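Please read the structure below before turning to the comments.
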Amino acid sequence: MDFLADSNPALRASPLRARPRGEPCVLIVEDDPAVARAIHRVLSNEPWKFRSVKSCEEARTLIATLPYFDVAVIDIHLKDGSGIEVGQELLAAGAMGEAVIFSADLGTDSEDARALGTFVHKTEGPERLRDAVRSAMDRAR
3 MDFLADSNPA LRASPLRARP RGEPCVLIVE DDPAVARAIH RVLSNEPWKF RSVKSCEEAR
63 TLIATLPYFD VAVIDIHLKD GSGIEVGQEL LAAGAMGEAV IFSADLGTDS EDARALGTFV
123 HKTEGPERLR DAVRSAMDRA R
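Each residue of the sequence shown is one higher than the one before, counting from 3 in the numbering used here.
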């Protein structure tokens with residue numbers, strides 16, 4: 003995706019990352035602190051590390067540090083932009099194995115989100131989110 007290289011010179015020269023063999027890691031991209039805490043609480047019994055960012059800007063800054071996340075749980079609508087674009091950038095940079103889109107949106111954006119990864123509507127409940135992230139982690143590892 004050309005927009006990624008154009009918007010982030012640090013990534014233009016960086017090779018795609020190899021999948022690490024260490025502890026599984028989940029990135030949470032959610033601008034509502036209460037929802038981010040709830041996601042972490044739902045997944046807290048899993049043997050994974052977690053990292054949270056609350057904006058597109060924070061996610062892009064993080065991508066530039068060359069991390070790798072087995073799974074990213076991403077909200078579609080962030081205050082400063084599109085979670086779908088962040089997910090596409092994570093994939094293009096080799097920074098993410100699988101995406102779980104966790105959003106209240108059922109419109110056109112949700113169709114784009116389904117193309118990026120597993121879509122879980124925020125009303126589906128914690129078990130559905132946990133199952134989706136577990137399945138994504140299994141595919142990523």
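Each residue gets a CB set at the ideal place from its N, CA and C atoms; glycine is no exception. Just so it is clear, the structure is predicted and the values come from calculations on it, not from any experiment.
By a beta-carbon distance limit of 8 Å, Ile78 contacts Ile103. Their separation comes to about 6 Å. Rounded to whole angstroms, the Cβ separation of Pro69 and Ala97 is 6 Å, and the two are in contact under 8 Å. The beta carbons of Leu93 and Ser57 sit no closer together than 8 Å. Nearest to Ala117 by alpha-carbon distance, out of Leu108, Ile86, Met139, His123, is Ile86. Taking a contact as a CB-CB distance under 8 Å, the pair Val73 and Val135 counts as one, their CB atoms being some 6 Å apart. In this structure, the CA atom of Leu45 is about 16 Å from the CA atom of Glu100. Take Arg132, set aside five residues on each side of it, and the residues of its chain with a beta-carbon closer than 6 Å to its own are Val44, in chain order. For the set Glu60, Leu64, Gly119, the Cα lying nearest the Cα of Gln90 is the one of Gly119.
As DSSP reads the structure, His123 sits in a beta bridge with Ser105. At the C-beta level, Met139 and Pro26 come within 8 Å of one another.
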